[in-house]
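There are 4 protein chains.
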Amino acid sequence: MSVWGRNNLKLSIFGESHGSEIGVVIDGLPAGEHIDIDELKLFCARRAPGNSTTSTKRREPDIPKILSGMLDGKTTGAPLCAMIQNNDTHSQDYNNLKKVARPGHADYTAYLRYNGANDVRGSGHFSGRLTAPLVIAGGIAKQLLRNRGVEIGAHIFSVQNTKDDVFDAVSITAKQLLEVQKKDFAVLNDESGEMMIQQIETAAKQLDSLGGVVECCAVGFPAGIGSPMFDGIENVLSSILFGIPAVKGVEFGAGFKASKMAGSENNDPYCIKDGKICTETNNHGGILGGISSGMPIIMRVAFKPTPSISQPQKTINFIEQEECELIVKGRHDPCIVPRAVPCVEAAVAFALLSYLV
Amino acid sequence: MSVWGRNNLKLSIFGESHGSEIGVVIDGLPAGEHIDIDELKLFCARRAPGNSTTSTKRREPDIPKILSGMLDGKTTGAPLCAMIQNNDTHSQDYNNLKKVARPGHADYTAYLRYNGANDVRGSGHFSGRLTAPLVIAGGIAKQLLRNRGVEIGAHIFSVQNTKDDVFDAVSITAKQLLEVQKKDFAVLNDESGEMMIQQIETAAKQLDSLGGVVECCAVGFPAGIGSPMFDGIENVLSSILFGIPAVKGVEFGAGFKASKMAGSENNDPYCIKDGKICTETNNHGGILGGISSGMPIIMRVAFKPTPSISQPQKTINFIEQEECELIVKGRHDPCIVPRAVPCVEAAVAFALLSYLV
Amino acid sequence: MSVWGRNNLKLSIFGESHGSEIGVVIDGLPAGEHIDIDELKLFCARRAPGNSTTSTKRREPDIPKILSGMLDGKTTGAPLCAMIQNNDTHSQDYNNLKKVARPGHADYTAYLRYNGANDVRGSGHFSGRLTAPLVIAGGIAKQLLRNRGVEIGAHIFSVQNTKDDVFDAVSITAKQLLEVQKKDFAVLNDESGEMMIQQIETAAKQLDSLGGVVECCAVGFPAGIGSPMFDGIENVLSSILFGIPAVKGVEFGAGFKASKMAGSENNDPYCIKDGKICTETNNHGGILGGISSGMPIIMRVAFKPTPSISQPQKTINFIEQEECELIVKGRHDPCIVPRAVPCVEAAVAFALLSYLV
Amino acid sequence: MSVWGRNNLKLSIFGESHGSEIGVVIDGLPAGEHIDIDELKLFCARRAPGNSTTSTKRREPDIPKILSGMLDGKTTGAPLCAMIQNNDTHSQDYNNLKKVARPGHADYTAYLRYNGANDVRGSGHFSGRLTAPLVIAGGIAKQLLRNRGVEIGAHIFSVQNTKDDVFDAVSITAKQLLEVQKKDFAVLNDESGEMMIQQIETAAKQLDSLGGVVECCAVGFPAGIGSPMFDGIENVLSSILFGIPAVKGVEFGAGFKASKMAGSENNDPYCIKDGKICTETNNHGGILGGISSGMPIIMRVAFKPTPSISQPQKTINFIEQEECELIVKGRHDPCIVPRAVPCVEAAVAFALLSYLV
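Protein chains in written order, with the numbering used here: chain A, 1 to 357; chain B, 358 to 714; chain C, 715 to 1071; chain D, 1072 to 1428.
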């Protein structure tokens, strides 16, 4: 299912990497909301391929076209459909994927799931390219959230072992979140960024790839939103975040680190600052009992290294049921983490918006 | 919402920590499935409090009573309602929670969410006690999965910094999963377990608490089940796992470690073993593109330390809007991780069953 | 599935006719709402059996017991579970239903659906008795709606060919809706009611049964609520109304009669009355494009005659696959329509509430 | 919401009457299913406007274009997006709809719902034109159902007071259902059809419109599918059927007529015919307890007369809050029932398919 939804807000993503178009239908957007298309394009451009040495050489302008749900720059309340043309496709690169599984990819599991009828060109519907419609949906959600006082931003927390600085979980501001989004390489500390870029370039030269972690934050989200058990903010965010290909872990607040702390360390003392109830630390990541506390909502999302590498790899031909060697061709990101930053923002924005409309 | 569901299988949990009963309605169980009530009671007993030095002193036998949906030991196809009596409640312990927030608890967020109308006694519906109905649902699901060749087991992966051995992600067997479930303290390596127990006892003496990580595994789950994007196994499992109170992170396969690996390391080479397609390593945790690969499904779930500690803590009175100090009374687990093991198994079992019925 | 829900409001019904208890879990009720239990009991009593010559001789007090989700007379925001004991069960009446299908009942279809594992005693989960938990949920919903200015009422529109007066679709008031609810036999015109009662008694003497139609109305529901296509008020109401056993048709406003009208007759002219936009007639039943217009919401629900009749009937033994004759034993309503009135109100109330919370 | 779904099968419709495109995303179609595009076009042509004297003069070829989810004539398992271009739009016809409500239309309710931001041109997303994407989805569903032995067909049961013959509810065959679909005017009795056409033409000349009823039937649907209470076939079908604009009533089997029958008449005696369990009559419409019996599934759907008529009508200017007179311009069907026939088939097909995939 490429449908995600909560209550009154739903999205339905369609398309394949090498089909003619990819897109998304968003249902439940409130009517009369102004959407700044230029800003939306800028947001989509942050994810678009071909911008730098760290990403695939596939060139796609990725200009979203709005087919419905908008009139005179405003939402009409009807479902909004947005589409992107696929242009730069090299489908001949994928001819042997109908029988030989790329390690780390979904070729074999998709073959089983769809009895071999799935479109394998460019990984078909499994392609990271399908995050482009998600980014459209999230870009629109971000604008609606901003009108409601909520700002969402993310940065590259780490690539391999190189870490960026971290968001200040207590005092991060909307302005800081906006600043990092303007950078070509979304890090807080540009020196760390330089190191990451070098590592990615080195990996690329070695016909290898790297993974990393994206940290995302929402500020201004009202306190008292969410529910215990299964409709909590953590449940809802993780249910959409794992929809981004290559995500293998999600944590909130102190996350896995909290498992190593004592209660006396992990518990965030409450205090009153400028007449407002806050916590002195933010190990809870802005969520307690599934409900927002008013503190910044913070999470980290782990991405595995791009599975497409051009080194020879041991694998199988699942049609012939025999082992073989494979060299993956095609154009790929040596590290998807830089382009994953707006994808994470988009998923978080869409999910959080579902609580407010 | 305390409703969770996928397609034909849904659960609805109700009750408060100090109400008369807690329970669950499960809708969509296939008809004619034999449920072994004794085995179900044993599974519930693994979660029940009061069994050891590492858990709360509250004594609850937690015997589930089946009110509907079963006849002559078999499911009827109608909704199954199971209930547990609350007996050993000390509600006077919670009198000041209507105004003073326990750090790390949902008292303040619940107050905002429910305008102060929520039942605060024993944390009400936010209590870890509400995992008892989840465990009933999961215990039933485990039995149905076993009839379908799927076995689920979990162990205490770590408490604070002390680690247990890990599941062999490639060759773990149903038998091994069953063995660890029989232990009083669910670790693979009993020496590690002893150390963990000591650490927990020490923390308890210091009026403190500890967190930890639970590792869970499913073997025998058929390959080719799941979907890309939002109905993938990772999405679905995380959406229910974050429903267990105190969970702050979920990762699959190599998880966050994958973010530090190169593609050449993280990619699991395919091979053919005994005529069956496998992978030589299992960094993908049995899931690729949201779809099962036939390898063991492996995940780790991070638990924060129990927020209830009896040390003085800085907090606020949210009615009076003033800072104050709090010493939490009541009976609490100094570390919930040991009792969380069957909760994780239960959540995973119920979610995986939803793909097979 | 005995789960129904929309957005933030869900119910899950459980139980079998001759099980120990039946009940409902309602999730998503707003917190802090006062529930008048006496009034709820009165509402449940309107559906309870054994009150008159027109209903089954089974005696059930049907007193709901609230297990969770309420404290000090108010909702807590946590799931509300309410239960009713089954007392007066004569299970031996149903012994041959495991193989012989009662015409008009679900015995045979349930046998196929559940492979014979379903509980046949008193029709099990298919029993009209399962409307008791629905009535609890609807009774609570009615109280919450009343606090929001919405009143719901229904009457017996017809039994066989005898018709009651109709609601004035334009000017019906909350007061009128409340008055008819107080009557033992819910008709507007008591003479018509007398005739209906006589017809039902006659049918009962002839070992036969009768069907009828219930008309239901909601006044005070705000204008501008609902959606086109699949989340319209008509879609939502019908999806729950067909959950009441024996319902075979649902129509809104002029309904099937509209199909015989010209546009110039059926179109309701708009006008302004007391400064408020209204329509002069109400053939649209208060709903246009799935959205409320502010006029009374009006619908009619067709009930088939009770299938349980004590005349000999031709049927089959589906185990032996042979034709046979059957005389249905047990205690049954010769006409369920009088007791269906609060069931319809309940379903409508719960569904409409889902738009307002 | 223009999203409809059950379990693994979902659709999301988008577009406005005078936008550039309208379309649908279908998620959950099984992979590897051959779709005959020519047949799909023929099915869409049955709904397309401009074919006869009884329909609107708007000319739209309505050729669906498949953007995703198909490869080499087969479904891939990924979401299928299909689109239709809007060509023949006369938007100037609708300029005053932003303030003056057409009686019987959703102009005023939509204005309230969307605060005036909705697209009013050609009724926007409320237009009957939005059934074109539904027909695409249903046309695909019909083909998949046919491969599973299920055939769906409908006819014009009545226009105003003129009735067609009825389907033989017991012995209707797939062949008969296919035959009526080939006709330009979908009636069983062509003489009745002629009368209907004359009535429609007369109404058109009088600047008026007519309503009618569509009867739909599914044969070959397996017995034992469905559920009691809220996931029954009647609930599910009605929840989608009321999504077709102008539907005001839905009934199954004997429907409202059953309310006038005695149990001894309405109960369908079971019998064995050619070794197969059947009923001698089919007042239950193939559904008992929400579950299919194996008999033809039969329903009737009431359509109100087209609200757009060119006579002067009394209405209001809702911006100025004053009464006024309106003459509706634009091109409209004097009776939508003929074109509604494939819409009903489509809705039924899609909903029934959701039980089989």
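Cβ coordinates follow ideal geometry from the N, Cα and C atoms, glycine included.
First through last residue of the beta strand (DSSP E) which encompasses residue i
{"i": "D1098 (chain D)", "result": "1092-1098"}
{"i": "Q1384 (chain D)", "result": "1383-1388"}
{"i": "Q442 (chain B)", "result": "437-442"}
{"i": "S1229 (chain D)", "result": "1222-1230"}
{"i": "E1393 (chain D)", "result": "1393-1398"}
{"i": "L723 (chain C)", "result": "723-729"}
{"i": "G5 (chain A)", "result": "3-6"}
Integer-rounded CB distance, given that residue j should sit under 8 Å from residue i
{"i": "N1157 (chain D)", "j": "E1092 (chain D)", "result": "6 Å"}
{"i": "L1111 (chain D)", "j": "P1135 (chain D)", "result": "6 Å"}
{"i": "A831 (chain C)", "j": "A494 (chain B)", "result": "That pair is no contact at about 19 Å."}
{"i": "L188 (chain A)", "j": "D165 (chain A)", "result": "4 Å"}
{"i": "V576 (chain B)", "j": "S595 (chain B)", "result": "Rounded, the Cβ-Cβ distance is 20 Å, inconsistent with contact."}
{"i": "I297 (chain A)", "j": "F167 (chain A)", "result": "Incorrect: roughly 11 Å between the Cβ atoms, too far for contact."}
{"i": "L1423 (chain D)", "j": "F1292 (chain D)", "result": "6 Å"}
{"i": "G139 (chain A)", "j": "C44 (chain A)", "result": "6 Å"}
{"i": "V337 (chain A)", "j": "F303 (chain A)", "result": "5 Å"}
{"i": "L781 (chain C)", "j": "G376 (chain B)", "result": "7 Å"}
Boundaries (first-last residue) of the alpha helix (DSSP H) holding residue i
{"i": "E948 (chain C)", "result": "947-955"}
{"i": "G263 (chain A)", "result": "263-266"}
{"i": "L424 (chain B)", "result": "Element bounds for L424 (chain B): not the alpha helix (DSSP H) but the beta strand (DSSP E), 422-425."}
{"i": "A186 (chain A)", "result": "Here A186 (chain A) belongs to no alpha helix (DSSP H), and DSSP marks it neither H nor E."}
{"i": "F1114 (chain D)", "result": "1108-1118"}
{"i": "V213 (chain A)", "result": "Taken as a continuous stretch (DSSP letters only), V213 (chain A) belongs to no alpha helix (DSSP H), being part of the beta strand (DSSP E) at 212-219."}
{"i": "R696 (chain B)", "result": "694-710"}
Which listed residue (the options) has its alpha carbon closest to that of residue i
{"i": "V995 (chain C)", "options": "C:Y984, C:G1003, C:L1002, C:G989", "result": "Here residue 995 (chain C) is Thr; the residue named in the question, Val, does not match the sequence. Here the closest residue by C-alpha is C:Y984."}
{"i": "L1080 (chain D)", "options": "D:V1307, D:F1327, D:P1405", "result": "D:V1307"}
{"i": "V3 (chain A)", "options": "D:H1089, D:V1095, D:E1087", "result": "D:V1095"}
{"i": "I277 (chain A)", "options": "B:E508, B:C681, B:A435, B:A706", "result": "B:C681"}
{"i": "V301 (chain A)", "options": "A:F318, A:P307, A:N266, A:F252", "result": "A:F252"}
{"i": "T1317 (chain D)", "options": "C:S885, C:P793, C:N981", "result": "Reading off the sequence, residue 1317 (chain D) comes out as Ala, not Thr. It is C:N981."}
{"i": "K273 (chain A)", "options": "B:T672, B:I655, B:C692, B:A706", "result": "B:T672"}
{"i": "T411 (chain B)", "options": "B:H512, B:D395, B:Q555", "result": "B:Q555"}
{"i": "G1295 (chain D)", "options": "D:G1361, D:K1276, D:G1334, D:H1226", "result": "D:G1361"}
{"i": "A900 (chain C)", "options": "C:M715, C:R1053, C:S726", "result": "C:R1053"}
{"i": "G1334 (chain D)", "options": "C:A972, C:V873, C:E730, C:M784", "result": "C:V873"}
{"i": "H155 (chain A)", "options": "A:E215, A:G255, A:A110", "result": "A:E215"}
{"i": "T279 (chain A)", "options": "B:C692, B:L454, B:Y465", "result": "B:Y465"}
{"i": "Q1252 (chain D)", "options": "D:L1082, D:A1417, D:A1181, D:C1406", "result": "D:A1417"}
{"i": "K163 (chain A)", "options": "A:E151, A:L145, A:E194, A:K205", "result": "A:E194"}
{"i": "S941 (chain C)", "options": "C:K962, C:S1006, C:L1070", "result": "C:S1006"}
9 Å Cβ cut-off: residues of chain E touching residue i
{"i": "L67 (chain A)", "result": "Given the protein chain composition of this structure (A, B, C and D), no chain E is represented."}
Legend entry - Positions along the region 217-241 of chain A whose CB lies within less than 7 Å of some CB in chain C: none
Legend entry - 3 or more residues per run - each beta strand (DSSP E) lying fully within the region 97-139 of chain A: none
Legend entry - Inside the region 605-654 of chain B only - alpha helix (DSSP H) runs reaching at least 4 residues: 620-623
Inset, instruction - Pull out every residue of the region 1378-1389 of chain D whose Cβ sits closer than 7 Å to any Cβ of chain C, in chain order. - result: P1378, I1380, Q1382, Q1384, K1385, T1386, I1387, F1389
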